[in-house]
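**Student:**
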Amino acid sequence: MTELPENLVTEDGECPRLPRKTLLLTEIFPPRVGGSGNWLWEMYRRLDPTSVVVVAGETEGADEFDREAPLSIQRFPLTLQDTGGFSPGGFGNYWSLARRLARLCREEQIEEIHCARVLPEGWVAWWVKQFTGIPFRCFAHGEEVNLPRGSEKGVMSSRQHRLMAKLVLGATHGMIANSVNTAGILKLDWGLPSSKVFVVHPGVDTEFFTPAERDPVIRDQLGWSLRPVILTVGRLQRRKGHDKLIEALPQIRERLPDVLYAIVGDGEERERLQQLVEQHGVTGNVKFHGALRDKKLLHCYQQCDLFVLPNRAVGSDIEGFGMVLLEAQACGKAVIAGDSGGTREALSLDETGLLTDASRSTTLAEVVLKLLTDKKSRQQLETAARPWVESRFSWDAVVNRFVAVVGGETKSGIMNSV
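If you read the sequence shown in full-length UniProt numbering, its first letter stands for residue 1, the second for the next number, and so on.
Dropping the structure here:
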């Protein structure tokens with residue numbers, strides 16, 4: 001059974017409560033792996049369960065997870081083959097979902113809907129509002145609201161999707177952005193007023209993600225032995241930049257022949273990345289761990305020598321924030337991130353980590369070597385990493401800010417986590 005963290009229970013035994021009974025609508029939700037789903041799970045599981053109903057996408061292992069969760073969770077078929085709101089197939093799917101959701105809202109006496117994204121969840125909520133008048137809010141993560149330039153591909157490269165998003169954004173009660181960078185996209189690209197856009201950064205579970213001493217036994221279990229290990233955690237997508245670090249490995253290996261690049265995560269890029277490893281002759285320097293959770297993931301963070309998220313913009317696809325950077329720093333690790341999207345907000349520049357142009361493998365190799373070969377500089381970043389995260393990104397503080405936002409207790413449109 002997953003229990004509510006003790007530090008979020010008030011003196012009278014209660015935990016934070018949303019001001020209106022709320023339905024959270026999200027396709028991506030545990031046990032399905034995904035940064036946005038984890039963000040929502042970590043926030044909503046800390047709320048008074050009588051104030052929340054979750055409607056999540058169907059996924060393998062959901063029955064067991066839902067039985068143990070401290071929330072009321074229902075599973076709907078939210079993964080749509082046709083996401084067009086005006087195409088015959090897409091319209092039928094959305095109409096059916098919206099009618100079903102409207103019935104549930106009436107049964108549960110829902111007063112507000114929170115949507116994991118503008119599309120597709122926000123579009124479903126837009127229809128529910130037409131049926132019931134129930135207001136809705138949407139979360140924004142960066143890449144899914146970023147408008148493409150020219151011939152770029154992305155969620156919003158479809159004219160139909162852009163029209164759907166425009167209707168959703170015009171009708172939403174408010175937008176909750178995961179970073180100042182994402183908030184800027186909503187205001188500059190979509191024309192939303194500041195009074196409608198709030199920033200609530202994701203947090204990190206500092207009770208779970210903790211530092212640990214170097215452990216030869218665990219390192220052997222991971223297949224790392226005594227080698228210097230660079231770690232990246234995240235879905236295997238182009239914007240995450242695994243390919244650029246693989247391209248940088250020959251240059252890194254010249255100074256550190258035994259270096260190992262540990263990749264935790266799975267996704268559509270895996271086959272291409274494996275081909276790239278062979279192409280650059282670094283098969284012995286890369287280990288694909290697949291998607292990991294819980295203790296296995298924690299051990300990777302704790303036992304690595306350096307954490308790198310070599311993200312870059314790929315067209316309109318950007319890294320909205322970078323929760324994995326917080327997790328690594330909570331484990332006392334120095335971090336390197338690509339200077340793109342919202343990652344600048346997930347570290348303290350030159351205090352807990354470094355930023356670099358991760359679109360260039362030679363530049364990336366240089367900054368990685370700088371920290372791997374200069375133990376003193378790396379340790380200075382490591383020492384500052386956890387205290388910085390604890391002071392700004394604990395989940396209890398994030399949840400309190402979130403409740404203040406949806407309760408209308410903020411004094412301005414932007415509510416930062418710092």
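For glycine and all other residues, C-beta sits at the position ideal for the given N, C-alpha and C.
Remember, it's a predicted structure, so these values are computed and weren't measured experimentally.
Under a three-way DSSP split, which group does VAL406 fall into?
**Tutor:** Sequence index remark: in the sequence shown, residue 406 carries index 406 (1-based). Helix at VAL406.
**Student:** Thinking C-alpha only, which one of GLU268, GLY315 and PHE393 is nearest SER348?
**Tutor:** As a first step, residue 348 must be located in the sequence shown, where it is residue number 348. Ranking the options by Cα distance to SER348, first place goes to PHE393.
**Student:** On the three-pair Cβ rule with 8 Å, is the region 190 to 209 touching the region 226 to 246?
**Tutor:** In short, these stretches do not touch, since the Cβ pair count stays below three.
**Student:** Per DSSP, which one or two residues make a beta bridge with VAL199?
**Tutor:** Mapped onto the sequence shown, residue 199 falls at position 199. VAL199 is bridged to ALA177.
**Student:** Going by DSSP, what residues sit across from GLY267 in a beta bridge?
**Tutor:** Residue mapping note: residue 267 aligns to position 267 of the sequence shown, counting from 1. Note: GLY267 sits in no beta bridge, so no partner.
**Student:** Buried or exposed: which applies to PHE29, given that a residue is buried once 16 or more other Cβ atoms fall within 10 Å of its Cβ?
**Tutor:** Residue numbering aside, residue 29 sits at position 29 when the sequence shown is read from its first letter. Result: buried.
**Student:** Mind checking who HIS141 pairs with in its DSSP beta bridge?
**Tutor:** One-based indexing of the sequence shown puts residue 141 at position 141. According to DSSP, which records beta bridges pairwise, HIS141 is partnered with nothing at all.
**Student:** Decide if the region 324 to 341 is in contact with the region 299 to 314; the criterion is three or more beta carbon pairs, one per stretch, under 8 Å apart.
**Tutor:** Segments in contact, yes.
**Student:** The ligand GDP and GLU254: does the residue's C-beta get closer than 7 Å to at least one heavy atom of that ligand?
**Tutor:** Absent from the structure shown: the ligand GDP. Ligands present: none.
**Student:** So what's ALA248 in DSSP terms, helix, strand or just coil?
**Tutor:** As a first step, residue 248 is located in the sequence shown; it is residue number 248 there, counting from the start. Of the three classes helix, strand and coil, the one that applies to ALA248 here is helix, per DSSP.
**Student:** Here's the rule I'm using: 16 or more other beta-carbon atoms within 10 Å means buried, otherwise exposed. How should MET415 be labelled?
**Tutor:** By 1-based counting over the sequence shown, the position of residue 415 is 415. Only weak support is given to the placement of MET415: the predicted model assigns it a pLDDT of 43, under 50, and the value that follows is read from those uncertain coordinates. MET415 comes out buried.
**Student:** Work out the CA separation of VAL324 and TRP123 for me, nearest whole Å.
**Tutor:** As a position in the sequence shown, residue 123 is number 123, starting the count at 1. As a position in the sequence shown, residue 324 is number 324, starting the count at 1. If I take the Cα positions, the gap works out to 29 Å.
**Student:** Tell me the DSSP secondary structure of GLY290 in three-state form.
**Tutor:** Taking the first residue of the sequence shown as 1, we reach residue 290 at position 290. Residue state, collapsed to three classes: strand.
**Student:** Can you have a look at GLN279 and say buried or exposed, based on whether 16 or more other CB atoms are within 10 angstroms of its CB?
**Tutor:** Counting from 1 along the sequence shown, the entry for residue 279 is found at position 279. With fewer than 16 Cβ atoms within 10 Å of its Cβ, GLN279 is classed as exposed.
**Student:** Would you say ALA365 and ALA291 are within 8 Å of each other, going by their C-beta atoms?
**Tutor:** Counting from 1 along the sequence shown, the entry for residue 365 is found at position 365. Counting from 1 along the sequence shown, the entry for residue 291 is found at position 291. Not closer than 8 Å, so no.
**Student:** At which residue ranges does the region 324 to 349 contain complete beta strand (DSSP E) runs of 3 or more residues, listed in the order of the chain?
**Tutor:** Listed in chain order, they are 335 to 338.
**Student:** Am I right that HIS161 and VAL398 are in contact with their C-beta atoms under 8 Å? What's the rounded C-beta distance?
**Tutor:** As a position in the sequence shown, residue 161 is number 161, starting the count at 1. As a position in the sequence shown, residue 398 is number 398, starting the count at 1. No, HIS161 and VAL398 are not in contact; Cβ-Cβ is about 29 Å, not under 8 Å.
**Student:** By how many angstroms is the C-alpha of GLU107 removed from the C-alpha of GLN74?
**Tutor:** Within the sequence shown, the letter at position 74 stands for residue 74. Within the sequence shown, the letter at position 107 stands for residue 107. Their Cα atoms are separated by approximately 13 Å.
**Student:** With 16 as the cutoff for other CB atoms within 10 Å, does THR362 come out buried or exposed?
**Tutor:** The residue given as residue 362 occupies position 362 in the sequence shown. Exposed, because fewer than 16 other Cβ atoms sit within 10 Å of the Cβ of THR362.
**Student:** May I have the straight-line CA-CA distance separating ASP294 from TYR301, to the nearest angstrom?
**Tutor:** In the sequence shown, residue 294 corresponds to position 294, counting from 1. In the sequence shown, residue 301 corresponds to position 301, counting from 1. In a straight line, the C-alpha of ASP294 is about 11 Å away from that of TYR301.
**Student:** State whether the region 140 to 147 contacts the region 308 to 321, with contact taken as three or more CB pairs (one from each stretch) at a distance under 8 Å.
**Tutor:** Yes, the region 140 to 147 touches the region 308 to 321.
**Student:** Decide if the region 339 to 348 is in contact with the region 245 to 262; the criterion is three or more beta carbon pairs, one per stretch, under 8 Å apart.
**Tutor:** In short, these stretches do not touch, since the Cβ pair count stays below three.
**Student:** In or out: residue 422 buried (at least 16 other Cβ within 10 Å) or exposed?
**Tutor:** Since the first residue shown for the chain is 1 and the last is 418, residue 422 is missing from the structure and cannot be characterised.
**Student:** Can you round the beta-carbon distance between THR26 and ALA62 to whole angstroms, since I take them to be within the 8 Å contact cut?
**Tutor:** As a position in the sequence shown, residue 26 is number 26, starting the count at 1. As a position in the sequence shown, residue 62 is number 62, starting the count at 1. With a Cβ gap of about 12 Å, THR26 and ALA62 do not count as contacting.
**Student:** State the Cα-Cα distance for the pair LEU78 and GLU58, rounded to the nearest angstrom.
**Tutor:** Within the sequence shown, residue 78 is the residue found at index 78, counting from 1. Within the sequence shown, residue 58 is the residue found at index 58, counting from 1. Approximately 7 Å, taken between the alpha carbons.
**Student:** Where does CYS300 sit, in a helix, a strand or coil, going by DSSP?
**Tutor:** Counted from its first residue, the sequence shown places residue 300 at position 300. Correct three-state label for CYS300: helix.
**Student:** Use the C-beta contact count for GLU345: other C-beta atoms within 10 angstroms, 16 or more gives buried, fewer gives exposed.
**Tutor:** Counting from 1 along the sequence shown, the entry for residue 345 is found at position 345. Classification of GLU345: buried, given that the 10 Å Cβ count is 16 or more.
**Student:** Assign LEU80 to one of three DSSP states: helix, strand, or coil.
**Tutor:** Stepping through the sequence shown from its first residue, residue 80 is reached at position 80. Of the three classes helix, strand and coil, the one that applies to LEU80 here is coil, per DSSP.
**Student:** If you follow the beta strand (DSSP E) that GLY89 is part of, which residue opens it and which one closes it?
**Tutor:** Sequence index remark: in the sequence shown, residue 89 carries index 89 (1-based). First-last for GLY89: 88 to 108, but that is the alpha helix (DSSP H), not the beta strand (DSSP E).
**Student:** Between ALA125 and GLY85, what straight-line distance do the alpha-carbon atoms span, to the nearest angstrom?
**Tutor:** The sequence position of residue 125 within the sequence shown is 125, counting from 1. The sequence position of residue 85 within the sequence shown is 85, counting from 1. When rounded, the distance between both Cα atoms is 12 Å.
**Student:** Can you check which of these residues, GLN130, GLN109 and SER87, is closest to ALA98 by C-alpha distance?
**Tutor:** Along the sequence shown, one-based indexing puts residue 98 at 98. Ranking the options by Cα distance to ALA98, first place goes to GLN130.
**Student:** To the nearest angstrom, how far is it from the Cα of ASN95 to the Cα of LEU23?
**Tutor:** If you number the sequence shown from 1, residue 95 lands on position 95. If you number the sequence shown from 1, residue 23 lands on position 23. A small fix is needed here, since residue 95 is Trp in this sequence, not Asn. Cα-Cα distance, rounded: 18 Å.
**Student:** I'd like the list of long-range same chain contacts for PHE402, defined as Cβ closer than 7 Å, with 5 residues on each side in sequence excluded.
**Tutor:** Along the sequence shown, read from residue 1 onward, the residue named residue 402 stands at position 402. The residues are MET43 and VAL200.
**Student:** For the region 110 to 119 and the region 86 to 93, state whether three or more C-beta atom pairs, one from each stretch, are separated by less than 8 Å.
**Tutor:** Contact between the region 110 to 119 and the region 86 to 93 is absent, because fewer than three Cβ pairs lie under 8 Å.
**Student:** Quick check on this structure: which residue in LEU80, ARG103 and GLY170 has the alpha carbon closest to the alpha carbon of PHE136?
**Tutor:** Counted from its first residue, the sequence shown places residue 136 at position 136. Here the closest residue by C-alpha is GLY170.
**Student:** In the DSSP assignment, what are the bridge partners of SER168?
**Tutor:** For the purposes of this step, residue 168 is identified with residue 168 of the sequence shown, where counting begins at 1. It is worth fixing the name first, because residue 168 is Val in this sequence and not Ser. Per DSSP, none; premise fails for VAL168.
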